[in-house]
């Protein structure tokens, strides 16, 4: 008998929590540099990012945990866990490139790599548990939106 998917949260919450903490430490939306950037009119309000990311992280941890529970082997579950760690490292790295290094162009390259990683993660989850992959759709969509926003900021500055 396979363990319930919730037991796999102990494997998916740490990378997601690490990304939230490390990324949060690198995010400086009130810095004079960021405030002074020209941004598109369609940028969401600053207060929205925290709740959105909290939901995205929770959905990603849960969807990935379900897929790990559905994996046909322990090796495949561990491969998915490693893929999640890589994705979350890219996720956290974006904040440091954009806000701390003050490099919207470098961050744009990174967010494109992050989006590719997110699509691959969602596809792997889909192959293991199609229903669980629906939990990652908002993460894929938000990263695509973030890439467009990053591109607009890089173009304006």
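Residue numbers (the working numbering): 12 to 168. By construction, the Cβ of each residue, glycine as well, lies at the ideal position given by its N, Cα and C atoms.
Taking buried to mean at least 16 other C-beta atoms within 10 Å of its own C-beta, is residue 77 buried or exposed?
-> Reading the chain shown from its first residue, position 66 is the one you call residue 77. When all chains shown are included, residue 77 counts as buried.
Option in 104, 166, 149 with minimal Cα separation from residue 38 = For this step, residue 38 is matched to residue 27 along the chain shown. Closest option to residue 38, Cα to Cα, is 104.
Determine the burial state of residue 89: buried for a count of at least 16 other Cβ atoms within 10 Å of its Cβ, exposed for fewer.
-> Walking along the chain shown from the start, residue 89 turns up at place 78. That one is exposed.
Local Cβ density within 10 Å of residue 168, reported as buried at 16 or more and exposed below that = Residue numbering aside, residue 168 sits at position 157 when the chain shown is read from its first letter. So residue 168 ends up on the exposed side.
Hey, out of 128, 74, 64, 32, whose CA is closest to residue 107's CA?
-> Counted from its first residue, the chain shown places residue 107 at position 96. Ranking the options by Cα distance to residue 107, first place goes to 32.
Secondary structure at residue 125, three-state DSSP: helix, strand or coil?
-> Counting from 1 along the chain shown, the entry for residue 125 is found at position 114. In the structure shown, residue 125 sits in a helix (DSSP, three-state: H, G or I).
Cα-Cα, which of 122, 149, 139, 65 is closest to residue 163?
-> Reading the chain shown from its first residue, position 152 is the one you call residue 163. Just measuring C-alpha positions, the residue of 122, 149, 139, 65 sitting nearest residue 163 is 122.
Alpha carbon to alpha carbon, how far is residue 84 from residue 165? Give it in angstroms, no decimals.
-> Taking the chain shown and counting its residues from 1, one reaches residue 165 at position 154. Taking the chain shown and counting its residues from 1, one reaches residue 84 at position 73. Distance between the alpha carbons of residue 165 and residue 84: 43 Å.
Which whole-angstrom value is the C-beta distance of residue 51 and residue 160, which I expect to be below 8 Å?
-> Taking the chain shown and counting its residues from 1, one reaches residue 51 at position 40. Taking the chain shown and counting its residues from 1, one reaches residue 160 at position 149. Correct: roughly 7 Å between the Cβ atoms.
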